[in-house]
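Residue numbers for the first sequence follow the numbering used here, beginning at 2 and rising by one.
From the three backbone atoms N, C-alpha and C, an ideal C-beta is built for every residue, glycine too.
Here the structure is a predicted model, which means the values were calculated and not measured.
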Amino acid sequence: MSSMPGTLAEQMAYLTKGAVDVVRGSELRAKLEQAAGKERPLVVKVGFDPTAPDLHLGHTVLIRKMKHFQDLGHTVVFLIGDFTGLIGDPTGRSKARPPLTRDEIDQNADTYRAQVFKLLDPDRTVVEFNSRWLGALRSEDWIRLAASYNVAQMLERRHFRQRYDRGQPIAIHEFLYPLTQAFDSVHLAADVELGGTDQLFNLNVGRDVMPSFDLPPQVVMTVPLLVGLDGAEKMSKSAGNYVGITEPPNEMFGKLMSISDALMWSWYELLTDLPMVEIERLRARVGAGDLHPKQAKQDLGRRIVADFHSDDAAVLAEREFERRFTGGALPSELEERAVVVRPAGARLSAVMVEVGFAGSNSAATRLIDQGSVRVDGERIVDRGARFPPDAGPFVLQVGKRRVVRVIPRPAGREPVEVKK
RNA sequence: GGCGAGGUUGCGGAGCGGUCAAACGCAACAGACUGUAAAUCUGUCGCCCUAGCGGCUUCGGAGGUUCGAAUCCUCCCCUCGCCA
2 MSSMPGTLAE QMAYLTKGAV DVVRGSELRA KLEQAAGKER PLVVKVGFDP
52 TAPDLHLGHT VLIRKMKHFQ DLGHTVVFLI GDFTGLIGDP TGRSKARPPL
102 TRDEIDQNAD TYRAQVFKLL DPDRTVVEFN SRWLGALRSE DWIRLAASYN
152 VAQMLERRHF RQRYDRGQPI AIHEFLYPLT QAFDSVHLAA DVELGGTDQL
202 FNLNVGRDVM PSFDLPPQVV MTVPLLVGLD GAEKMSKSAG NYVGITEPPN
252 EMFGKLMSIS DALMWSWYEL LTDLPMVEIE RLRARVGAGD LHPKQAKQDL
302 GRRIVADFHS DDAAVLAERE FERRFTGGAL PSELEERAVV VRPAGARLSA
352 VMVEVGFAGS NSAATRLIDQ GSVRVDGERI VDRGARFPPD AGPFVLQVGK
402 RRVVRVIPRP AGREPVEVKK
């Protein structure tokens, strides 16, 4: 990894790829130039919630942008906003969150590290906690900080503006919140701050406040929200349209292959390091019929899996996918489930429920009626199908994706199976 | 504090005494077609079983009226508008 690759124009293109806002491009360019001249890397700040992080690809858009700066030799500060976490939730509306303990915060920080370093270079990443300096501020420091901004500026934020216009209350501490974030930038002397588009206002407050502390304003850059697997909603855990970065390679690859062709290009842009020109070229080739979209998607899948696992794992995942879905074979590693069978035998529908392939007997029966259930490859349409108490192991499939090897166990002899 | 609207099956949203397990749309799931893509078409979408013009439990909560209630009455809980 060379420390300063490419011309300034190339660096700019790399860093601003996929970004929504850049305030301002000219300043970023100047800072890059300066950094190169003085051989002093830029300090790039990004704040994160201290609440339990379980990252999915949506979060990695921002993390990847951090990586881009690292790739060009800059230093990234991974800032954990534990100050507010220690105090409890500050933003009115929502029900007060119980404050996190120091232990919880540290534990969450470790979880962050474990996930985030799949993309980031630990040597160029500084993990910080803002309680370190915010907790040490004296009353006069707070007043000085508050003096660096004014109400009119605060009301530029749409959320505040609306509430103010409607006569809804805005507590003073809500104004303090963006200011503390701004103070983080002051303390770190950040050159650049990155965040999601929803953070634009807060990031700009930092930019505005810094000159009052004799610092040049930070450059602000925002990245967009990633659209989830469904191609409609933003990726989120609650919507269920996400790909977790700790998911196993096969699962990850499978999910990636299920996205629509249209969505693929946005993911190429936001989830890979490929330059835009390269992506446009691929897209043109697909448009011209020169490259099959499925191939383009497989390439994308392999890249992403490689980022969070390894090149080998990615290749294997692709092969397994081909084998299984294009070739119609069973997965090479079948999960096994022991199922207790009473002397009277077991109904197929009950087995489906026990194995977790159906939520209820009724649901299982419907699936059988619809012809989606196979036992050892044979389609079963008899809703009353049962297995004798002495049945041997068999492969149970429901739909295309759900497969398991069922190991029948006679009831009574062994202790009831332990669930994990 | 005063006035008004409303809480229905994952979401949105009908229903306003029986024919309601509850229209319709979305989401989801399955089948067909495919590139496990999208689109499209078809079906399913409370639970139980001996699977039937079957049984059971649902329409914020608790009571009540009625042969019969998601639909009417009483009380309670909650949400959302408007006024101070």
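Alpha-carbon spacing of residue i relative to residue j, whole angstroms
| i | j | result |
| --- | --- | --- |
| residue 59 | residue 340 | 38 Å |
| residue 338 | residue 405 | 7 Å |
| residue 15 | residue 300 | 20 Å |
| residue 17 | residue 313 | 30 Å |
| residue 384 | residue 306 | 40 Å |
| residue 137 | residue 199 | 28 Å |
| residue 421 | residue 252 | Since pLDDT at residue 421 reaches only 37, below the 50 mark, its modelled position is unreliable, and the value read off the structure follows with that caveat. Approximately 20 Å, taken between the alpha carbons. |
| residue 343 | residue 102 | 49 Å |
| residue 151 | residue 166 | 17 Å |
| residue 409 | residue 249 | 27 Å |
| residue 365 | residue 108 | 41 Å |
| residue 349 | residue 356 | 11 Å |
| residue 208 | residue 154 | 12 Å |
| residue 211 | residue 278 | 36 Å |
| residue 320 | residue 35 | 47 Å |
| residue 498 | residue 411 | Limits of the chain in this structure are 2 at one end and 421 at the other, which puts residue 498 out of reach. |
| residue 326 | residue 268 | 22 Å |
| residue 402 | residue 370 | 18 Å |
| residue 239 | residue 333 | 31 Å |
| residue 66 | residue 275 | 12 Å |
| residue 242 | residue 315 | 21 Å |
| residue 1 | residue 353 | Outside the displayed range of the chain (2 to 421) lies residue 1, so it cannot be described from this structure. |
| residue 5 | residue 30 | Caution is warranted here: a pLDDT of 47 is assigned to residue 5, below 50, making its placement in the model unreliable, and the coordinate value is therefore given only provisionally. When rounded, the distance between both Cα atoms is 14 Å. |
| residue 72 | residue 329 | 41 Å |
| residue 50 | residue 368 | 42 Å |
8 Å Cβ shell around residue i - same chain, five flanking residues per side excluded
| i | result |
| --- | --- |
| residue 380 | 372 and 374 |
| residue 63 | 47, 195, 196, 197 and 224 |
| residue 351 | 362 and 365 |
| residue 162 | 156 |
Opening and closing residue of the alpha helix (DSSP H) in which residue i lies
| i | result |
| --- | --- |
| residue 111 | 103-117 |
| residue 66 | 58-72 |
| residue 257 | 250-258 |
| residue 12 | 9-17 |
| residue 355 | 349-355 |
| residue 39 | 26-39 |
| residue 129 | Taken as a continuous stretch (DSSP letters only), residue 129 belongs to no alpha helix (DSSP H), being part of the beta strand (DSSP E) at 126-130. |
| residue 187 | 173-189 |
Residue closest to residue i, alpha-carbon to alpha-carbon, out of the options
| i | options | result |
| --- | --- | --- |
| residue 386 | 207, 103, 325 and 345 | 345 |
| residue 33 | 43, 24 and 25 | 43 |
| residue 331 | 20, 376 and 362 | 376 |
| residue 52 | 30, 39, 67 and 81 | 81 |
| residue 55 | 185, 356 and 244 | 244 |
| residue 184 | 215, 161 and 158 | 215 |
| residue 230 | 302, 403 and 163 | 302 |
| residue 143 | 176, 352, 68 and 217 | 176 |
| residue 27 | 156, 12 and 39 | 12 |
| residue 470 | 117, 37 and 79 | As displayed, the chain neither begins before 2 nor continues past 421, which places residue 470 out of reach and without an answer. |
| residue 39 | 261, 283 and 74 | 74 |
| residue 217 | 242, 186 and 360 | 186 |
| residue 237 | 57, 294, 78 and 23 | 57 |
Beta-carbon contacts of residue i that lie in its chain and below 6 Å, excluding the five residues immediately before and after
| i | result |
| --- | --- |
| residue 203 | 179 and 182 |
| residue 91 | Per-residue confidence for residue 91 stands at a pLDDT of 48, beneath the threshold of 50, marking its modelled position as unreliable; the derived number appears in the next sentence. For residue 91, where only same-chain residues beyond five positions count, the Cβ hits under 6 Å are 85, 174 and 178. |
| residue 188 | 134 |
| residue 76 | 42, 44 and 125 |
| residue 145 | none |
| residue 400 | 373 |
| residue 309 | 119 and 246 |
| residue 395 | 376, 377 and 407 |
| residue 292 | 286 |
| residue 318 | 250, 251, 254 and 306 |
Residues near residue i by beta carbon distance below 7 Å, same chain, minus five either side
| i | result |
| --- | --- |
| residue 192 | 32, 43, 44, 45, 219 and 220 |
| residue 95 | Residue confidence is low: residue 95 scores 41 on pLDDT, short of 50, so the model does not pin down where it sits. Its coordinate-derived value is still stated next. There are no such residues. |
| residue 304 | 273 |
| residue 265 | 297, 298 and 301 |
| residue 93 | Its pLDDT being 43, under 50, residue 93 is placed unreliably by the model, and nothing is read from it. |
| residue 130 | 81 and 83 |
| residue 110 | 81 and 128 |
Limits of the beta strand (DSSP E) - the one that residue i falls within
| i | result |
| --- | --- |
| residue 222 | 220-224 |
| residue 208 | It is not in any beta strand (DSSP E) - residue 208 instead sits in the alpha helix (DSSP H) that spans 201-210. |
| residue 194 | 193-197 |
| residue 49 | 44-49 |
* Asked: Where in the stretch 269-336 do unbroken runs of the alpha helix (DSSP H), each at least 4 residues long, occur, reported from the N-terminal end onward?
  -> 277-288, 294-309 and 312-322
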